[in-house]
Amino acid sequence: MSELLTVNAVTKAFGRKVVLENIHLHLEPGRIYGLLGPNGSGKTTLIKLINGLLTPTTGEIFVDGGAVGPRSKSLISYLPDKLYFAEWMTTNNLIDYYSDFYEDFDKERAYNMLMNLNINPDEKLKVLSKGTKEKVQLILVMSRRARLYVLDEPIGGVDPASRDYILDTILGNYDENASILISTHLITDIERILDEVIFLQNGRTVLSAAVDDIRANEGKSVDELFREVFRCY
Amino acid sequence: MLLKLMKHEMKSLWHYCGVVIICVLIASVVFELGVVGTVVANNDVLNIIMIPSLIFLGFAIVAVLSYGIQFGVAFRFYRTMSSDEGYLTHTLPVTTSQHILSKLFSASIYVLIGIIYLAIFIAVTALILMGLTGGIQELTDFLRDLGVFVDEIRKYINIPIALYIIEFIIMGIFSMVFSILVMYLSVALGQLVNSHKLIMSIVFYTIITSVIGIITQIGTMIFSMVEGFMSTIASTNSEAMTPERIMAGMQTIMLVTLVVMIGFGLGAFFITKYIYERKLNLE
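As you go down the protein sequences, you meet chains A and B in turn. For any residue, its number in this note's numbering is found by taking its place in the first sequence, counting from 1, and adding 11. For any residue, its number in this note's numbering is found by taking its place in the second sequence, counting from 1, and adding 1352.
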């Protein structure tokens, strides 16, 4: 099967500080990947590199065989770990914005999700709570029929009651041939949806395996294995 | 994509520059009414209060319009390219050139609106003052003097006056575009620093404009020397400093400034593009 994302020997340094070192990653279509690791392990940096928000110090990244650029950005739907919309905009403005630039954006899907979460699209973002803004961001990201969804902490800021809805939203809105790369600390919440996991520690890959293999070979859940690998002494 | 980017850019810029334009519009109406009221009332006591107030308000309008829009343009560029909003900007499926050009074209339209408004504001104020103090005669005299001035200029330039005016307009447009590109370059350089990006952008802007100022002066001196204009200026012989030579010298200065602006403008564009393409640092 052709690779959707190839991260080839990527190293990223900020000045003398090496944040990622010799990372190799191969994502195939139709799978859900968990990018897991403690704070400062380099998850967000790796995600930014994949999305072209940072450039690798060394190494290469390919999305569907092409370098990171306008084409790869049209294939990836990215949810950052922070709010990035201008506060004066309404959700309607954002929907127009997304549908103008992303050919794969499904307006109807977006409005359905907004309705399910009782979010008024006419309200300006500045009057919405932080959690609601995060939901709006997720809705916009998941309303695209993208090839790869890269979600950085998608459930980090929302209440536990909404997490299931969000995870169901993620699962229910991606196409069979698309893949998802999710970075999170809340492993228990997302474990049920993951096919594969990648553990990062101090900027290096310490494990890359299928969730079923972990359960079969280690006799542990991903959460248990995570706690064991990243135990704080 | 460029048109779509421009559409959203114009809308976004309105949230920064629109406030400035609306405030200036209101202030202008107050100013012009104040001018009319003061001239018509012609009261000494009122004049003591109104004249300094109107002078202050007039300068405030000019300053807010000149710097307010420029600040809005620079701040909008910073917000969308180097701050958290950059996460959206830089993940759109468009090229960096399209981003910069769409912002440049949209910003130019707002700056141009500001310049045209400023010209109209000054002209209206002058016409009101002349009309109220001297009546139609004053206006007629002014227009006649203006015609004489244009005729004088025409004598000393070796190109048609219309072309000379076009040259000035082109110069003005290039100057406007150039100043925007310098702001963009400053913001791009500022984002290379990991912290205090906004302050660093201002520092870079100060440095770049100072360097350009020095280079323009040096360039003008060299060109002037080549044309012998410098010798004319330095000469104590007053006959050597003819209006024709002064006009020729001015044209030389304009040409040098234009060449420097185009050169630096292109440089600023490509360096900004390179930084956002290769050195993007959204930390």
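Glycine included, C-beta positions come from ideal geometry on N, C-alpha and C.
Taken through DSSP and simplified to helix, strand or coil, A/Ala157 comes out as coil.
The Cβ of B/His1367 sits closer than 9 Å to at least one Cβ of chain A. Contact between the stretch 1481-1491 of chain B and the stretch 1387-1396 of chain B is present: 3 or more CB-CB pairs across the two stretches fall below 8 Å. Excluding residues up to 5 positions away in sequence, nothing lies with its Cβ nearer than 7 Å to the Cβ of B/Lys1507 in the same chain.
Contact check for B/Leu1406 and B/Ala1379: beta-carbon distance about 11 Å, past the 8 Å limit, so the pair fails to qualify. Note: A/Val74 is bridge-paired with A/Leu16 and A/Gly77 in the DSSP secondary-structure output. By the criterion of at least three beta-carbon pairs nearer than 8 Å, the stretch 195-209 of chain A is in contact with the stretch 165-185 of chain A. Residue-level contact check: B/Ser1364 touches chain A, since one or more beta carbons of chain A fall below 9 Å from its beta carbon. At least one CB of chain A lies nearer than 9 Å to the CB of B/Met1353.
By the Cβ test, the stretch 1358-1373 of chain B is in contact with the stretch 1417-1427 of chain B, since at least three Cβ pairs between them sit closer than 8 Å. No Cβ of chain A is located within less than 9 Å of the beta carbon of B/Asp1493. As computed with DSSP, A/Phe116 is found in a beta bridge with A/Arg155.
The closest CA to that of B/Lys1625, considering only B/Ser1434, B/Val1397 and B/Thr1477, is found on B/Ser1434. Boundaries around B/Ile1532 are those of the alpha helix (DSSP H), Ile1513 to Gly1542, since no beta strand (DSSP E) includes it. Going by DSSP, B/Tyr1439 is part of the alpha helix (DSSP H) stretching over Gly1438 to Thr1441.
Distances from the alpha-carbon of A/Val79 to those of A/Asp92, A/Leu90, A/Leu64 and A/Pro91 put A/Leu64 closest. Counting only residues of its own chain and dropping the five nearest sequence neighbours on each side, B/Met1358 has a CB closer than 8 Å to the CB of Ser1454, Phe1457 and Ser1458.
For A/Ala227, the nearest beta carbon of chain B is not closer than 9 Å to its own beta carbon.
Shown here, A/Leu64 sits in coil according to DSSP, grouped into three states, outside any helix or strand.
The Cβ of B/Gly1542 sits no closer than 9 Å to any Cβ of chain A. In this structure the stretch 84-103 of chain A lies against the stretch 145-161 of chain A, because at least three pairs of beta carbons, one per stretch, are closer than 8 Å.
By the criterion of at least three beta-carbon pairs nearer than 8 Å, the stretch 153-170 of chain A is in contact with the stretch 180-192 of chain A.
Look at the beta carbons and you see the stretch 30-37 of chain A touching the stretch 210-228 of chain A: at least three pairs across the two are nearer than 8 Å. In the displayed model, A/Leu139 falls within coil according to three-state DSSP, outside both helix and strand. Counting the other Cβ atoms within 10 Å of the Cβ of B/His1360 gives 16 or more, which makes it buried. Counting other Cβ atoms within 10 Å of its Cβ, A/Ser85 reaches 16 or more and is therefore classed as buried. Using a C-beta cut-off of 8 Å, the stretch 37-56 of chain A makes no contact with the stretch 1608-1626 of chain B, since fewer than three inter-stretch Cβ pairs fall below that distance.
With three or more CB-CB distances shorter than 8 Å, the stretch 1433-1448 of chain B counts as touching the stretch 1542-1557 of chain B. For the pair B/Phe1520 and B/Gly1601, the Cα-to-Cα distance works out to about 15 Å. Boundaries of the beta strand (DSSP E) around A/Asn33: Lys28 to Leu38. CA-CA distance, A/Asp115 to B/Phe1473, rounds to 48 Å. Excluding the 5 residues flanking it on each side, A/Asp117 has same chain C-beta neighbours closer than 8 Å at Ser154, Arg155 and Arg156, in chain order. The closest CA to that of B/Leu1495, considering only B/Ile1574, B/Ile1509, B/Ile1505 and B/Leu1479, is found on B/Leu1479.
Under the three-state reduction of DSSP, A/Asp163 is assigned to strand. Residue environment for B/Leu1515: exposed (fewer than 16 other C-beta atoms within 10 angstroms of its C-beta).
Residue pairing from DSSP places A/Glu207 in a beta bridge opposite A/Tyr44 and A/Ala221.
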